[in-house]
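Participant: Residue numbers (this note's numbering): 270 to 739.
All C-beta atoms in this analysis are idealised placements derived from N, C-alpha and C, irrespective of residue type, glycine included.
Source: prediction; values computed, not measured.
Got a structure for you, written out below as structure tokens; questions coming shortly.
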Amino acid sequence: MTVETSPEAQPESTQPSSLSTAAARNLATTTKSAPQMQEITSRWLLRTLPWVETKGGAYRVNRRLSYTVGDGRVEFVQDGAEVRVIPRELGELALLRGFEDEEVLTALAGRCVQRDFRAGETLVERGAPAEHIHLIAHGRVKHSSVGRYGDEVAVAVLADGEHFGEQVLLDEDAQWDFTATAETAGTLLTLARADFATVLSSAPSLQAHVEHFTSLPQQRQNRHGEAEIAMSAGHTGEPDLPSTFVDYELKPREYELSVAQTILRVHTRVADLYNGPMNQTEEQLRLTIEALRERQEHELINNREFGLLHNADFKQRIQTYSGPPTPDDLDELLCRRRGSKFFLAHPRTIAAIGREFNSRGLYPNHVDLGGQQVPAWRGVPILPCNKIPITKEQTSSILVMRTGVENQGVVGLHQTGLPDEYQPGLSVRFMGIDEKSIISYLVSTYYSAAVLVPDALGVLENVQIARRQD
270 MTVETSPEAQ
280 PESTQPSSLS
290 TAAARNLATT
300 TKSAPQMQEI
310 TSRWLLRTLP
320 WVETKGGAYR
330 VNRRLSYTVG
340 DGRVEFVQDG
350 AEVRVIPREL
360 GELALLRGFE
370 DEEVLTALAG
380 RCVQRDFRAG
390 ETLVERGAPA
400 EHIHLIAHGR
410 VKHSSVGRYG
420 DEVAVAVLAD
430 GEHFGEQVLL
440 DEDAQWDFTA
450 TAETAGTLLT
460 LARADFATVL
470 SSAPSLQAHV
480 EHFTSLPQQR
490 QNRHGEAEIA
500 MSAGHTGEPD
510 LPSTFVDYEL
520 KPREYELSVA
530 QTILRVHTRV
540 ADLYNGPMNQ
550 TEEQLRLTIE
560 ALRERQEHEL
570 INNREFGLLH
580 NADFKQRIQT
590 YSGPPTPDDL
600 DELLCRRRGS
610 KFFLAHPRTI
620 AAIGREFNSR
630 GLYPNHVDLG
640 GQQVPAWRGV
650 PILPCNKIPI
660 TKEQTSSILV
670 MRTGVENQGV
680 VGLHQTGLPD
690 EYQPGLSVRF
700 MGIDEKSIIS
710 YLVSTYYSAA
720 VLVPDALGVL
730 ENVQIARRQD
């Protein structure tokens, strides 16, 4: 029996009726992008820092002679819950700067007593006798006093590595002129004046050093610790005018150019055959240079020898008053130097700045920088830099700087005119072809940074960037 079906019920043919797109692509020209790279950032530091030509590979920063002594930070070692001060780190105290008797320093370190404190605890009371120097191993301590009108005013906030009460070691009548309160839990070490006197009485080398130290304040100096330039002003008649000269540091600091290098390898077959529409060697080189520039900016921030975070003067490092970056903290940074050119902060820190501004009903203005609108505070641009580290406690730092040689600021150092120079301060040198047909290029860039005077660079430390819970 034969069953007839309607045309609508017949199955469709599986044969294509036109050329498929997959086959058509074999005859089409593909439009390609250049190789992309997520590591590339705006690199504002490299773009805004003035670069100084550094012939001979070194840059010497000459300054006036300074009598400033021992204003550094002390480092500690931790063994479980026990914290000890490194004996040689006591040389960061003004009284012991330059003292190198390891045996005596070890004796002093051994007399330091550990004290753990909790948040809110009063460590010293204003008006009480001062008998100990305090070395902060970990935590934040706020100093407060009574203002002219009877209200409590904040004097300073100290943190890891800082100290207070050094004057008590030589002054038997010393009293605390502030109240020190712990803002967080932490640990400090104390050295009693009586213990210091015991070591002093049995150490002739320390006695000689202390006698020399007490003579230093007799040398006339300005508020920056520089040797004073004698002069007379406001006089009448014909008095004898003082004579003077400007003394220089005998051993000025020299910054040597650092280097970032890599060897780029390209197979000759790739370089010969696969250059359309883009040159393979050029693209390899472009991305390699981008990575080198990123590393260069990282080193300018973090290198222990010349990096800005490590070369900021300790007197130019301040702590936030409450943790997050407030407008008051940014003002404190600005007021410590003239002619600040820009802030530099991690993008997450900039977001934290925005939250603090918003909570106060403020909105930072914007300024034009190279044709791009960037946020600013008091007319000073706030620029992002993801090379500034963030700690596991979700804190970071904010830098502010004055730049340029003419302003006695921060400058970048490089040398141009290098052999096989590809970009200013960057060279690409052909190294040959090996037996495996691999072409090698040595890619090098030379750089450093110098802080001409200490107040050219400031750092706001321990900035809390995590969002607070409501």
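Determine the direct distance from the alpha carbon of I708 to that of E604, and round the result to whole angstroms.
Facilitator: Here residue 604 refers to the residue found at position 335 when the sequence shown is read from its first residue. Here residue 708 refers to the residue found at position 439 when the sequence shown is read from its first residue. This sequence places Cys at residue 604; Glu is not what is there. Cα to Cα, C604 sits roughly 55 Å from I708.
Participant: Compute the Euclidean distance between the alpha carbons of P633 and L519, then round it to the nearest angstrom.
Facilitator: For this step, residue 633 is matched to residue 364 along the sequence shown. For this step, residue 519 is matched to residue 250 along the sequence shown. The alpha-carbon atoms of P633 and L519 are separated by roughly 45 Å.
Participant: What number of angstroms, rounded off, separates the C-alpha of R462 from the C-alpha of R417?
Facilitator: Numbered from its first residue, the sequence shown carries residue 462 at position 193. Numbered from its first residue, the sequence shown carries residue 417 at position 148. Going by the C-alpha atoms only, they are around 31 Å apart.
Participant: For Y590, tell me which candidate among E358, P304 and N731 has the shortest Cα-Cα distance.
Facilitator: Your numbering for residue 590 matches position 321 in the sequence shown. The option with the nearest alpha carbon to Y590 is N731.
Participant: Could you give the distance in angstroms between the alpha-carbon of L638 and the alpha-carbon of F612?
Facilitator: Along the sequence shown, one-based indexing puts residue 638 at 369. Along the sequence shown, one-based indexing puts residue 612 at 343. Answer to the nearest angstrom: the Cα atoms are 13 Å apart.
Participant: If you count every other CB in all the chains shown that lies within 10 Å of the CB of S713, and 16 or more means buried, which is it?
Facilitator: The residue you call residue 713 lines up with position 444 of the sequence shown. Buried is the call here.
Participant: Roughly how many whole angstroms lie between the Cα atoms of L569 and H432?
Facilitator: Numbered from its first residue, the sequence shown carries residue 569 at position 300. Numbered from its first residue, the sequence shown carries residue 432 at position 163. In a straight line, the C-alpha of L569 is about 28 Å away from that of H432.
Participant: Tell me whether S609 is buried or exposed, calling it buried when 16 or more other Cβ atoms sit within 10 Å of its Cβ.
Facilitator: Stepping through the sequence shown from its first residue, residue 609 is reached at position 340. That one is buried.
Participant: Is the segment 309–327 touching the segment 679–694, taking contact as three or more C-beta pairs under 8 Å?
Facilitator: Enough Cβ pairs lie closer than 8 Å, so yes.
Participant: To the nearest angstrom, how far is it from the Cα of R586 to the Cα of V728?
Facilitator: Your numbering for residue 586 matches position 317 in the sequence shown. Your numbering for residue 728 matches position 459 in the sequence shown. For R586 and V728, the distance between alpha carbons rounds to 5 Å.
Participant: Of all the beta strand (DSSP E) runs that stay within the bounds of the segment 549–617, which reach a length of 3 or more residues?
Facilitator: Listed in chain order, the complete beta strand (DSSP E) runs (minimum 3 residues) inside the segment 549–617 are 586–588 and 611–614.
Participant: From this set, I402, A466, M306 and V636, which residue's C-alpha is nearest E552's C-alpha?
Facilitator: Against the sequence shown, residue 552 aligns to sequence position 283. If we check each option's Cα against that of E552, M306 comes out closest.
Participant: Within a Cβ cutoff of 6 Å, which residues of the same chain sit near W646, ignoring the five residues on either side of it in sequence?
Facilitator: Here residue 646 corresponds to residue number 377 of the sequence shown, with the count starting at 1. Cβ within range, chain order: L599 and P633.
Participant: Rounded to whole angstroms, what is the Cα-Cα separation between A428 and A718?
Facilitator: Locating residue 428 in the sequence shown gives position 159, where the first residue counts as 1. Locating residue 718 in the sequence shown gives position 449, where the first residue counts as 1. If I take the Cα positions, the gap works out to 27 Å.
Participant: According to DSSP, what are the bridge partners of K411?
Facilitator: Within the sequence shown, residue 411 is the residue found at index 142, counting from 1. Answer is V426 and T450, bridged to K411.
Participant: Can you grab the Cα-Cα spacing for the pair C654 / T531, in whole Å?
Facilitator: Taking the first residue of the sequence shown as position 1, residue 654 is located at position 385. Taking the first residue of the sequence shown as position 1, residue 531 is located at position 262. Those two C-alpha atoms are separated by around 24 Å.
Participant: Measuring only the C-alpha atoms, how far is I702 from L533?
Facilitator: The residue given as residue 702 occupies position 433 in the sequence shown. The residue given as residue 533 occupies position 264 in the sequence shown. Rounded to the nearest angstrom, the two C-alpha atoms are 12 Å apart.
Participant: Helix, strand or coil, according to DSSP, for M270 in the structure here?
Facilitator: Mapped onto the sequence shown, residue 270 falls at position 1. Here M270 scores only 49 on pLDDT, less than 50, and its place in the model is too uncertain to base an answer on.
Participant: Using the rule of at least 16 other Cβ atoms within 10 Å of the residue's Cβ for burial, across every protein chain shown, is V706 buried or exposed?
Facilitator: Sequence index remark: in the sequence shown, residue 706 carries index 437 (1-based). Just to set this straight, residue 706 is Ser in the shown sequence, not Val. With fewer than 16 other Cβ atoms within 10 Å, it is exposed.
Participant: Does the ligand ADP have even one heavy atom less than 8 Å from the beta-carbon of E371?
Facilitator: For the structure depicted, the ligand ADP is absent and the ligand set is empty, with no information on it obtainable.
Participant: Helix, strand or coil, according to DSSP, for D509 in the structure here?
Facilitator: Along the sequence shown, one-based indexing puts residue 509 at 240. Coil.
Participant: Helix, strand or coil, according to DSSP, for I657 in the structure here?
Facilitator: Here the question's residue 657 lines up with position 388 in the sequence shown. The answer is coil: DSSP assigns I657 none of H, G, I, E or B.
Participant: Please classify Q565: is it buried, with 16 or more other beta-carbons within 10 angstroms of its beta-carbon, or exposed?
Facilitator: Here residue 565 refers to the residue found at position 296 when the sequence shown is read from its first residue. When all chains shown are included, Q565 counts as buried.
Participant: Buried or exposed for H403, please, with buried defined as at least 16 other CB atoms from any protein chain shown within 10 angstroms of its CB.
Facilitator: Counting from 1 along the sequence shown, the entry for residue 403 is found at position 134. When all chains shown are included, H403 counts as buried.
Participant: Assuming R395 contacts T448 under a Cβ cut-off of 8 Å, what Cβ separation, rounded to an integer in Å, is found between them?
Facilitator: Residue 395 sits at position 126 when you count from the first residue of the sequence shown. Residue 448 sits at position 179 when you count from the first residue of the sequence shown. Correct: roughly 4 Å between the Cβ atoms.
Participant: Is N580 buried or exposed, if buried means 16 or more other CB atoms sit within 10 Å of its CB?
Facilitator: Start at 1 with the first residue of the sequence shown, and residue 580 comes out as number 311. Buried, by the Cβ-count rule.
Participant: Assign M700 to one of two classes, buried (16 or more other C-beta atoms within 10 Å of its C-beta) or exposed (fewer than that).
Facilitator: Here residue 700 refers to the residue found at position 431 when the sequence shown is read from its first residue. It is exposed - the Cβ of M700 has fewer than 16 other Cβ atoms within 10 Å.
Participant: Using 9 Å as the threshold, is the C-beta distance between T450 and K411 below it?
Facilitator: If you number the sequence shown from 1, residue 450 lands on position 181. If you number the sequence shown from 1, residue 411 lands on position 142. Against a cut-off of 9 Å, the Cβ pair of K411 and T450 comes out as a contact.
Participant: May I have the straight-line CA-CA distance separating S289 from N548, to the nearest angstrom?
Facilitator: Sequence index remark: in the sequence shown, residue 289 carries index 20 (1-based). Sequence index remark: in the sequence shown, residue 548 carries index 279 (1-based). Distance between the alpha carbons of S289 and N548 is about 32 Å.
Participant: By the DSSP assignment, the beta strand (DSSP E) with Q347 in it spans what residues?
Facilitator: Along the sequence shown, one-based indexing puts residue 347 at 78. Per DSSP, Q347 belongs to the beta strand (DSSP E) from F345 to D348.
Participant: Residue range of the alpha helix (DSSP H) that P473 falls in?
Facilitator: Within the sequence shown, residue 473 is the residue found at index 204, counting from 1. P473 -> alpha helix (DSSP H) spans P473 to S484.
Participant: Leaving out five residues on either side along the sequence, give the residues of the same chain with a beta carbon under 7 Å from the beta carbon of V354.
Facilitator: Counting from 1 along the sequence shown, the entry for residue 354 is found at position 85. Counting only Cβ-Cβ distances below 7 Å, and skipping sequence neighbours, we find V343, F345, A378, C381, L404 and L458.
Participant: Using only the alpha-carbon positions, how far apart do S302 and R522 sit?
Facilitator: By one-based count along the sequence shown, residue 302 stands at place 33. By one-based count along the sequence shown, residue 522 stands at place 253. Taking the straight line from one Cα to the other gives about 48 Å.
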